[in-house]
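Remarks on the structure that follows.
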Amino acid sequence: MDRQRTPVSRENPRPARRRRWIWYVGGAVALAVAVPVAGAAWFVARFNPNDYAPQIVAAVQQATGRQLSIGGPIKLQLSLTPTLTASTLSLSNPQGFADPSLLTLDQVQAQIALLPLLHHQVNILRLVLVGPKLYLERDAKGQADWNFAPAASASAGPAETSPAPHAKRPRYKVALQAVELQNGQIILRGPGSSPPNVIQLTRLTGQASSLQAPLHLTGAAAIGATKLTMQGMVGPVARLTGRGDSPWPVDLNFGFAGASATLQGKVTRPQNASGYDLALNATIPALASLTAALPPAWLGGLSLPPLQNLSLTARIADQGAKLPAISNVSLNAGAADLSSLRPGLTLAALDLELPGLDRSGTLSAKGTLGAMPFALQGNFTAPSAFIPANWLPASTPPAGNFAESLNASLGNASLSLTGGIATPHTLAGAALALSLSIPDLAALSPAAGIALPGWKNISVKTTLIDPGGQGLDHAIGFDSLAANMDNASFGGDASLSFGATPKLELDLNIAQADIDALAAAWPATSAPATPATSPAAAPPAQLVPDIALPVSLLRRASADVMLHADSLTYGKATYSAVQAHAVLNKAVLTISPLTAQLPGGAITASASLDASTDPASASVKLNAPALALGPFLHGFGVQNMAEGTVQVRLDASGHGNTLPALLGSVTGQLGIASVNGVVDGRVIGQIFGGALQSVGLPANLAGAQGPVSVRCAALRLDAQNGTGTVKALTLDSSRLLLQGGGSVNFADETLGLVLKPRLTVGGTNVTVPVQVGGTFLAPRYSLAPESAVRAAAAAASGLAANPAQKALGANTLLGQVAGLLGNDSHADVCPAALSLARMGAPGPAPAAPASASAPAAGNSAPANGPRNLLQGILGQ
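Anchor point for the sequence shown: position 846 equals 845 in numbering that gives the first Met the number 0, and the numbering is continuous, going up by one each time.
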């Protein structure tokens, strides 16, 4: 039995040894797990997050130059996944901003993994931000509070400076698996005291399948009453702290006010937001809806056109400069009603293509304006020419001469602009050839919205320049201008400098201009219909309109204008060799000389307006030896036939800031003389008919239609401080002999004249003195008393009583009858009157006086004419 038991006892130790090895291995594994857990637990138990608060504040100060405040203690909730909680955090704003803080947070909660802390890795399993508020604004100098100015780096100091003790601590790397934002706001404060605009961040969540996986985001916000949505994916947050080296993907989608946008691409260095390469795609069904949803301050007062069906694509890539590389830009718009911009304007299509910021782009558009089609096609300078050099990479070559082109058409009209600008960012060195063709200007009236003249076959060619290389924003010029159309041809050079003292320089050469034809093609203006129940408009109070002189413009501008005209047609008369030179300098406008060759001779004039004084002062001198009589009378509203010439001399001055004030202070002389002319009888009737009728003289004898020989007509008027004295007023014609005198008050536009018309009635010369009172607009006629005649005769010749009146008494009945029957003396009234009117200058002599006045053919005297005249005088 012993032998049988012995083998059994020798076999038992082997299973025991196996069991011991199992216990050894299990114990080792347990120990390998327990020690780190215990170590982590010991670390957490010993870890006080508030000990690191000063380091956190210092690190933020070092990175941003701002002060981070933590309002309460940082709490740690112990578990296998500890949770850190901090409350009432704020990041300060520099001085000068309305809001003291850039960012505030009610609470931050971070649930972190325990074991990675031993390896200086902060793996945030869940981050919750409660009540974040971001305040964005600019100070009075235009500086933005989101532009950080980091504090000076420790490495910038002397080499021997020892780093702070905490700088030796290992740097923690952060990863994030889930994030949640609750009840946030972005407050955008504009300039001044206007209320800020608030973007409500309703929610934002992010979730990743692991710490190394992309973060999937979903968010909702509101701008005003319009919702803003976001969803998509970005790379793992761990890459933001330098963990890993794979590209950081971006795939985000946004929606707002019916518009949508996507941003897709990658970022190679997300930790410092560099190395990005992103594609932007956006669609906007209605730009007006997007504009209405945005706060007005965001657009800076800009009113965007109500475009429809917009699509935008672009590539945005980092190029190591302030401005990213923007390329492959394509903007398209579909059909849209743009009548809010311009009545009748519709857009059919719009296309803008830009290969890159350093390359030229193209623009095309087409549509209709009213019933008229339009088209636009052009190339524009590379935008990089307008971008500051320090915004672009240092390797960017300097901008060269950039070409521009634009072709536009509206109906049958066309415009072309081609050339270049040497320095586009200052618009300096411009040389753009401009060509304009308009077959019929009136045809563009519906598109223009106003009636345009019916001028035909307009052609304009010139070169658009910036005079002196000042830049088109400082000066604009037209070089070698050539314009032609039916009835006109002119050219020259022009420039206009902007700034505090604008200056116009113009050298205009008119080869020919038919002003009559051009005026005839001008659209007729029709007064709006007045309802029958509306009261009649009050008549104007004065003849001279109350127009203010442009003294303010003259005081802040300057000009130098030269005018040459070979042929001007006006009033069926041709004026040639017209030359004028106008200079505006230091608030003084001088026109000297002004010369022209008129149908019957030459005219020489000069004028000045001095706005350097208050009130302004003006002076004018004019010498016209022979103006065409017809156009001269047309200027005063007398339109009937008139042939002959008129001699005019004027030397006057005055002061005032309005036309009435200037005329009310006028001092000087006016002389008008004409001899050996022919007018239609209606000219005499229009000028003197009212005076003749007022005293019962038969106006039809002088004013009937038909040619009337004018032997002489003369006027001499002297003015002093707004009061004019008529020294000569004489008309010697085949129908009427008239002399007059008196005074004119230019300040209140009143008349104090006496006329002595003489008609031959039934073979008898009849003279009745007429008093003219009232105003320029409403003259009143009556029989002149002897006192008025004597007063007028004191200054004017030809008004004295005849010898019979003097013998019988001018105020007696027989004396008045003698005045009626006139003076049989055939003394020539023209020489003295013409001498006064010509102010001593020479002039043609009138024809020899007729032996006796005779009524015009076909005009018989009315029956009992003298008797009717006597009845009128006697009041019977």
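Glycine included, every Cβ here is placed at the ideal spot set by N, Cα and C.
Query, Result
"Are the Cβ atoms of VAL769 and PRO778 separated by less than 8 Å?", "no"
"Less than 8 Å between the CB atoms is what I'm expecting for THR461 and SER479, so what's the real figure, rounded?", "6 Å"
"Is VAL127 near GLN142, with beta carbons less than 8 Å apart?", "no"
"So the candidates are LEU754, PRO213, PRO115; which of them puts its Cα closest to the Cα of VAL694?", "LEU754"
"Starting from the Cα of ILE629, find the closest Cα among LYS365, THR267, GLN638 and give me that residue.", "Before going on, a small fix: residue 629 reads as Gly here, not Ile. Comparing Cα positions, the closest option is GLN638."
"Going by alpha carbons, who is nearest to LYS585 out of SER607, THR573, ALA576?", "SER607"
"Go ahead and label LYS726 buried or exposed: buried means 16 or more other beta carbons lie within 10 angstroms of its beta carbon, across all protein chains shown.", "buried"
"Which complete beta strand (DSSP E) runs does the stretch 566-593 hold, if anything under 3 residues is left out?", "572-584"
"In its own chain, which residues sit with a C-beta less than 7 Å from the C-beta of ALA224, not counting the 5 before and 5 after it?", "none"
"In the DSSP assignment, find the alpha helix (DSSP H) that holds GLN54 and state where it starts and stops.", "52-63"
"May I ask you to list the residues that DSSP assigns as paired with ALA793?", "DSSP, once it has assigned bridges, lists no residue as partnering ALA793."
"With a threshold of 16 other CB atoms inside 10 Å of the CB of ILE437, please say whether the residue is buried or exposed.", "buried"
"Indicate the three-state DSSP secondary structure (helix, strand or coil) for ALA97 in the structure shown.", "coil"
"According to DSSP, what are the bridge partners of MET640?", "In the DSSP output, where bridge partners are listed per residue, MET640 has none listed."
"Using only the alpha-carbon positions, how far apart do SER434 and ASN406 sit?", "10 Å"
"Bridge partners for HIS215 per DSSP, in chain order?", "GLN206, MET232"
"Rank GLY355, GLY600, ASN483 by C-alpha distance to the C-alpha of SER383 and give the top, closest one.", "GLY355"
"Would you mind working out which of ILE546, LEU79, GLN76, PRO72 sits nearest THR87, comparing C-alpha positions?", "PRO72"
"Assess contact between the stretch 260-267 and the stretch 240-247, defined as three or more Cβ pairs (one per stretch) separated by less than 8 Å. Is contact present?", "yes"
"Measuring CB to CB, does LEU83 end up less than 8 Å from LEU75?", "yes"
"Considering only the alpha carbon of each residue, which of PRO624, GLN738, THR589 lies closest to LEU597?", "PRO624"
"Please confirm whether PHE631 and VAL619 have their CB atoms less than 8 Å apart.", "no"
"What's the C-alpha gap between VAL59 and ALA421?", "48 Å"
"In three-state terms, what does DSSP make of ASP357?", "coil"
"Less than 6 Å between C-beta atoms, sequence neighbours within five positions excluded: which residues of the same chain meet that for PHE477?", "THR461, ALA493"
"What residues in its chain sit with their C-beta under 6 Å from that of THR742, if we drop five residues either side in the sequence?", "Per the sequence shown, the amino acid found at residue 742 is Ser instead of Thr. The answer, listed in chain order, is THR724, GLY751."
"Please return the same chain residues whose Cβ sits closer than 7 Å to the Cβ of ALA320, not counting the five positions on each side in sequence.", "TRP390, LEU391, PRO392"
"Between the stretch 702-719 and the stretch 675-685, are three or more C-beta pairs nearer than 8 Å?", "yes"
"If we ignore side chains and look at the alpha-carbon of each, how far apart do ALA56 and ALA272 end up?", "Looking at the sequence itself, residue 56 is Val, so the reference to Ala does not match. Taking the straight line from one Cα to the other gives about 23 Å."
"Does SER693 get closer than 8 Å to chain D when you measure Cβ to Cβ?", "No chain D appears in this structure, which consists of one protein chain only."
"Nearest to HIS118 by CA position, among LEU782, LEU548, ALA174, is which residue?", "ALA174"
"Give the secondary structure of GLY684 by DSSP, where H, G and I count as helix, E and B as strand, and everything else as coil.", "helix"
"Rounded to the nearest angstrom, what separates HIS424 and GLY470 at their Cα positions?", "9 Å"
"So, helix, strand or coil for ILE185, using DSSP?", "strand"
"Using the Cα positions of LEU714 and PRO841, report the straight-line distance between them to the nearest angstrom.", "15 Å"
"Which residues does DSSP list as the beta-bridge partners of MET371?", "LEU368"
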